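Sequential numbering of the first sequence, starting at 344, is according to our numbering.
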Amino acid sequence: MPSFRAPRGTRDLLPETRAGLSRLESLARSLAARYGYRELEIPLFEQTAVFERGIGEATDVVEKELFRLAPRSEEAESWALRPEATAGVVRAYVQHGMQTWPQPVKFSVVGPMFRYDRPQAGRYRQFWQWDVEAIGDPGPGVDAEVIELGRRFYVEAGVPGVQVLVNSIGDSVCRPVYLDRLKEYFGRHEAALPELELRRLQVNPLRLLDSKDPAMAALVAAAPRITESLCEACATHFEAVRAHLDALGVAYRVEPTLVRGLDYYSRTAFEYYRSGAEGQQQALGGGGRYDGLVELLGGRHTPAIGFALGLDRVLLALEEVGAEVARETPPLAFVVGADPADTAARLRVAAMLRAEGLSVRVELVPRKLGRQLESASREHAHFAIIIGDELTDGNVQLKDLEAGTQRLVPLTELAKDLARAAKSHHHG
RNA sequence: GUGGCCUUAGCUCAACCGGCAGAGCAGCGGACUGUGGAUCCGCAGGUUACGGGUUCGACCCCCGUAGGCCACCCCA
């Protein structure tokens, strides 16, 4: 017999963890509704080309980490599990002609994403994201709205010490110019570059800016800054985004070395970062403007902005600071019986109360009464309903487990009695 | 994808130099046949991650594989 286990980089969310994730999902949905971002559901997989085109074929996410599905036959379409939501949302926008909807359209997507990389704490092959997109508004106001929305999520989720980092990475006018300057600058210092950085210079020069190699620090510090190379339109936009953030009272830091790993970003880039976090998985979420993506996926030129927040990392952060992630609500009542074997009577009473909308559990294992009450206590039920001989007269014993009191109640009054008690306390 | 550390019961961990695999918690049962979270007693739970090798003898040493973690890479 082989011993089976969850695939590498995936995990079973046991009830406690699942409840924590559910809490975050509910918070995300309620915030989305509050801000006017409508919930959208898109497939967990797409045509591979949606990601290749949208995210960029040369990015690590596509090149190395894409979860490709084996085609069923030679001529079958090539599919891949979604590594993020933006490309799929934009694909849906184009497919359903949403450019004819009142602009902008604002969406919220919550769900699992998949990346085939080497797992670590806070880095999984299946992980959960809350994704928010606003398509059809060039900003800058919506840029600030989105950034503030993300920050609000962390505040209300209870994650302490989240910093907002912002930058502008330019557009198709000024970024190529800046990249040339950057290549020229690091090219001059080629002899001083470690091998990894040399490769970056070829493949993705922006990455040189957030190198973790201490030997690079001085060189990076003296490197030309994107913020000084922005064209006038981008500079004006960035300035206006910051003015909006100031007006909202959102504290942020301009981080000129902040770049994004996916090709589609332009102008505004931002990241939520946890200071003082253990381990390297400190990026809690990030996003930016992607004015070119709709066109890349076959639509007409449409400005857009969005973010993705990693819910697993929020869960991890909450656990680390010792925050209570989620509390399961205890049942109002627990049905027990004097005759262990008479499970039918117990189940019948429980079903009757459940039909009245009450949260009721019942002991169906034929344990003796003492054990049944033990279960009721352990699950923090407020009441125990004891079924015994008095049932022949249509009565049951209603025991208040918290107060330790007990009285005889007619079966016909039971639901009403409990409902009244449920109102004055809070039970599930 | 690269390098390093780790893996013993469901969980947290013991086991001397290579010499009989154990405890606490959790579970189940009894003490207690109609009254609860406590207590005491008992039961069950293991191919020591998996596969090889060395050895009279391997949880322990060596090799491989898998999984987890750390750093890098990347990113959420």
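Every residue gets a Cβ at the ideal spot worked out from N, C-alpha and C, and that includes glycine.
Quick caveat, the model's predicted, so the values are computed rather than measured.
Rounded C-alpha distance that separates residue i from residue j
i	j	result
E614	Q749	57 Å
G622	R466	The predicted model places G622 with a pLDDT of 49, which falls under 50 and marks its position as unreliable, so this point remains unresolved.
M441	A535	50 Å
Q715	V679	6 Å
T755	V739	10 Å
R585	A487	8 Å
M344	P414	Any answer about M344 is weak, because its pLDDT of 40 lies below 50 and its placement is not dependable; what the coordinates show is given next. Computed Cα separation, rounded: 30 Å.
E540	Y616	24 Å
L374	D685	48 Å
L318	E575	Nothing about residue 318 can be read from this structure; the chain reaches only from 344 to 771.
M559	A464	27 Å
A758	V657	41 Å
E717	G397	58 Å
V703	G747	19 Å
A724	T735	25 Å
F529	E538	13 Å
Y633	D514	9 Å
A477	R381	10 Å
L367	R543	37 Å
L334	E420	There is no way to answer for residue 334, as the model of the chain reaches only from 344 to 771.
S662	R603	Looking at the sequence provided, one finds Glu at residue 662 rather than Ser. Cα-Cα distance, rounded: 28 Å.
K555	A564	12 Å
V498	A583	24 Å
Outcome for residue i when other beta-carbon atoms lying within 10 angstroms are tallied against a minimum of 16
i	result
E598	buried
Q545	exposed
P358	exposed
G771	Any answer about G771 is weak, because its pLDDT of 48 lies below 50 and its placement is not dependable; what the coordinates show is given next. Answer is exposed; the Cβ neighbour count stays below 16.
S572	buried
V692	buried
D655	buried
S346	exposed
K742	buried
A594	exposed
S687	It is Ala, not Ser, that sits at residue 687 in the sequence shown. Result: exposed.
Range of the contiguous beta strand (DSSP E) that encloses residue i
i	result
P753	T748 to P753
E389	F388 to Q390
V705	V703 to V705
G630	A626 to R632
S451	V448 to F457
E773	Nothing about residue 773 can be reported from this structure: the residues present for the chain run from 344 to 771 only.
D474	Q469 to I478
Y615	S609 to R617
Residue i vs residue j beta-carbon contact at 8 Å
i	j	result
R351	P455	no
G635	A651	no
A423	F388	yes
R458	V404	yes
L696	F726	no
V637	V437	yes
L690	V705	yes
A500	L370	yes
L640	A765	no
L681	G737	In the sequence on display, residue 681 carries Ala and not Leu. Going by C-beta atoms, A681 is not nearer than 8 Å to G737.
Q446	T353	no
R495	V505	no
R710	P673	no
L795	F450	No answer is possible for residue 795: it lies beyond the span of the chain, which begins at 344 and ends at 771.
G592	V489	no
L751	A719	no
A435	I385	yes
Element boundaries [alpha helix (DSSP H), containing residue i]
i	result
L508	Careful: L508 lies outside any alpha helix (DSSP H), inside the beta strand (DSSP E) at V505 to S511.
G363	P358 to Y378
Y528	R518 to R531
Q715	L712 to R721
D743	From DSSP, D743 is part of no alpha helix (DSSP H) but of the beta strand (DSSP E) over N738 to D743.
I730	Run containing I730: none in the alpha helix (DSSP H); it sits in the beta strand (DSSP E), F726 to I730.
Nearest-angstrom beta carbon gap, residue j and residue i [assumed within contact, 8 Å]
i	j	result
P567	L525	6 Å
H587	R610	Going by Cβ atoms, the distance from H587 to R610 rounds to 14 Å, so no, they are not a contact pair.
T645	G479	6 Å
A376	A669	With 8 Å as the limit, A376 and A669 do not qualify as a contact, their Cβ atoms being about 20 Å apart.
A428	V448	Between V448 and A428 the Cβ distance is about 14 Å, and since that is not below 8 Å, they are no contact.
I569	Y607	With 8 Å as the limit, I569 and Y607 do not qualify as a contact, their Cβ atoms being about 17 Å apart.
A612	N510	5 Å
Residue i Cβ short of 7 Å to the ligand ATP heavy atom set
i	result
Q749	The ligand content of the structure shown is nil, which means the ligand ATP is not present either.
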